[in-house]
Structures are given as C-alpha cells and as structure tokens.
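Engineer: Residues 1 to 151 in our numbering are what the sequence shown lists, from first letter to last.
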Amino acid sequence: LIALTVSGIIMGFGYQGYHFFQSNFKQWQDRVLVEENARRVMQAMVHDFRAMRALLVADETQISFLDANRRMVTYAFDRQTLTKNNRPILNRILGVRKLTLRYHTPSGKYTSSFGGLQHISRIRIELVLLTPNQTTFELTSSVTLRNKRGF
1 LIALTVSGII MGFGYQGYHF FQSNFKQWQD RVLVEENARR VMQAMVHDFR AMRALLVADE
61 TQISFLDANR RMVTYAFDRQ TLTKNNRPIL NRILGVRKLT LRYHTPSGKY TSSFGGLQHI
121 SRIRIELVLL TPNQTTFELT SSVTLRNKRG F
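(1) So L145 and S107 are supposed to be a Cβ contact under 8 Å. How far apart are they, rounded?
(2) Within 10 angstroms of the Cβ of V32, are there 16 or more other Cβ atoms? Answer buried if so, exposed if not.
(3) Which residue wins for smallest C-alpha separation from E60, given the options L127, P132, F137?
(4) Figure out for me which residue from R50, L99, F65 has the closest Cα to the Cα of D78.
(5) Start and end of the beta strand (DSSP E) containing E138?
(6) Roughly how many whole angstroms lie between the Cα atoms of G150 and R97?
(7) How big is the Cα-Cα spacing for G20 and A76?
(8) By Cβ distance, which residues of its chain are closer than 6 Å to L56, with the 5 residues on each side in sequence left out?
(9) Give the range of the alpha helix (DSSP H) segment to which A44 is assigned.
(10) From the DSSP secondary-structure annotation, give me the bridge partner or partners of R87.
(11) Using a 10 Å radius around the Cβ and a threshold of 16 neighbouring Cβ atoms, would you call N86 buried or exposed?
(12) Do you know offhand how far M42's Cα is from F137's?
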C-alpha cells in the first residue's frame, strides 16, 4: 500500500508537470506563429513601399500606389482584416489588432495626407497582431521612399 501511495503521488506530480509544459509549449507555438506571420507581412509591405513609383491615396489605415510595373497596389485595414488588393493577407486565426500608417516629410515631421502626397518621404508602419490566446505582438518599421517619380 505504501508503494502504491508513493507511486500515485509521483505520477500525480508527473502529470501536472506534463500538463504545465504542454500548455506552455502551445502558447509558445502560438507566439511563434504570430511573430512569423507579422514579420512576413511587414517584409512584404516594406518591399512594396520601397518599389512605389506614385502614391495615390494615403491615410492611417489605407494606402494605394503604383508599383514599378505601374500596377495599382492597395493595402487596407478594416475591422481586424488586413488586405492587399482586397485579398486578406493573414490567415483567419490571427487577428490584426491595429495597422497604423504614419507619413513624414523630409525634415522628419509627421504629416497627414491632407498636407499633400508630394511632401511624403517616409512611411512608418505599425502592425499589432492578436494571438488565439489573446496576447499581442507589435512590429514597427519605417520605409524611406526612394522612387518618388509620380508624386
């Protein structure tokens, strides 16, 4: 009886440890998934913004421009959905909490698009994703526009 009691206690601790590590591993997997997707989306946006030839529309949640091949590209954020040319670019499990686009003049001052698209020389991108277990991951990047031909 003593051996059964001791082995039962040891098995109980073993199960608790297994359950603890399994739940932590799942949270870690969710976090890695969010980080990978956020970085992938941010890299695509930075690449597209650097290839921008003409800026057409610019506000805090949407930007439209012509790329190097003179095709129109639109990024938009609306109610937890981030789209590129009206197609979602993140899977449905990951919610986009926020996308903010901020525009700056050559002197570094923040400007709204109402000040004129021709004055924009840098775009700051702030992306916040929400994991399935409701934790957030924030990623920020800044793009200096190089090909301002049609502005």
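The beta carbon of each residue, even a glycine, is placed where N, CA and C say it ideally should be. Just so it is clear, the structure is predicted and the values come from calculations on it, not from any experiment.
Structural biologist: Checking against the coordinates, here is how it stands:
(1) Contact doesn't hold; Cβ gap of about 14 Å is too wide.
(2) exposed
(3) L127
(4) L99
(5) 136–144
(6) Reliability of the predicted coordinates at G150 is poor, the pLDDT of 45 falling under 50, and no value is obtained from them.
(7) One point to set straight first is that residue 20 is Phe, not Gly, in the sequence displayed. Taking the straight line from one Cα to the other gives about 40 Å.
(8) S64, F65
(9) 2–50
(10) K84
(11) exposed
(12) 12 Å
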